[in-house]
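K.L.:
Could you have a look at this structure, given as structure tokens, before my questions?
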Amino acid sequence: MLFVFVDIQLSARKMPRGKPRKNGEKSLKRKANDDDGEGAIEEEHQDDLDRQPTEEELRESEKPENQMNVESVRDKKRKLTEKQAENSREKLKNLAKETAHDYLIRWKNDKKQWKFEKVKQKFIQNNALNEENFNQEMWPIVLEYLGKSKGASRDYLIETAQKVIQEVDQAIQKDPQNAHLLHESRYLRARELLQMLN
């Protein structure tokens, strides 16, 4: 008889109490903190937490009076990421501009310390006509540097300058009121560059 009693107690110990839990899952019963004044969450409310909303509840929640202008965490993260990307693009743009200026000044004033860098040359070629990147003080140095270009670089610069000049000429032919384009720095720089290269 004793053998049976021990067996029953062992089997009673092995049997789980309540609903079996998955690994790492914590019980929903919590003691109320004295500070927050909230009661304990009972296990019977578990079904309410797992329940999916009905179609009627979804339609009701879509009404304007029931919607709260609350941003989801995903939207906040996306906006933050976009803002950070925009800031980093601006920083990189400014850094590229500053290093190109230093590169050109070193080329002009101290050729012994100057070293050719393909990336900086490409930046200068691609942005030479843009007054935001190279102001009027830097333009003569840029023009002198690009005037010594050879090979494919020279062909690229000639093609770019001709394209800008053709765009302005076509705009003036379509509408003579676009004559103000002849005085824009981009057009004037393209003409100077083309004269220097030819």
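Residue numbers (my numbering): 19 to 216.
A virtual CB, placed ideally from N, CA and C, is assigned to each residue, including glycine.
The structure presented is a predicted model; accordingly, all values stated were derived computationally and were not measured.
Who are the near neighbours of residue 182 in its chain, counting only those whose CB is closer than 7 Å to its CB and skipping five residues on each side?
P.N.:
147, 204, 205 and 208
K.L.:
Do you know how far the Cα of residue 150 is from the Cα of residue 194?
P.N.:
Spanning the two alpha carbons is a distance of roughly 27 Å.
K.L.:
Please work out which residues of its chain come closer than 7 Å, Cβ to Cβ, to residue 124, disregarding the five sequence neighbours upstream and downstream, and give them in chain order.
P.N.:
Only 131 and 132 meet the Cβ criterion.
K.L.:
Apply the 10 Å Cβ neighbour rule to residue 211 and answer buried if 16 or more other Cβ atoms are within range, or exposed otherwise.
P.N.:
buried
K.L.:
Thinking just about the alpha-carbon of each residue, which of 82, 93, 142 and 199 is nearest to the one in residue 175?
P.N.:
142
K.L.:
Cutting at 7 Å between CB atoms, please list the residues of its own chain near residue 199, excluding the five before and the five after it.
P.N.:
Answer for residue 199: 186, 189, 190 and 205, listed in chain order.
K.L.:
Taking its Cβ as the centre, do 16 or more other Cβ atoms sit within 10 Å of residue 103, making it buried, or is it exposed?
P.N.:
exposed
K.L.:
Of all the options 171, 167, 118 and 126, which has the alpha carbon lying nearest to the alpha carbon of residue 159?
P.N.:
126
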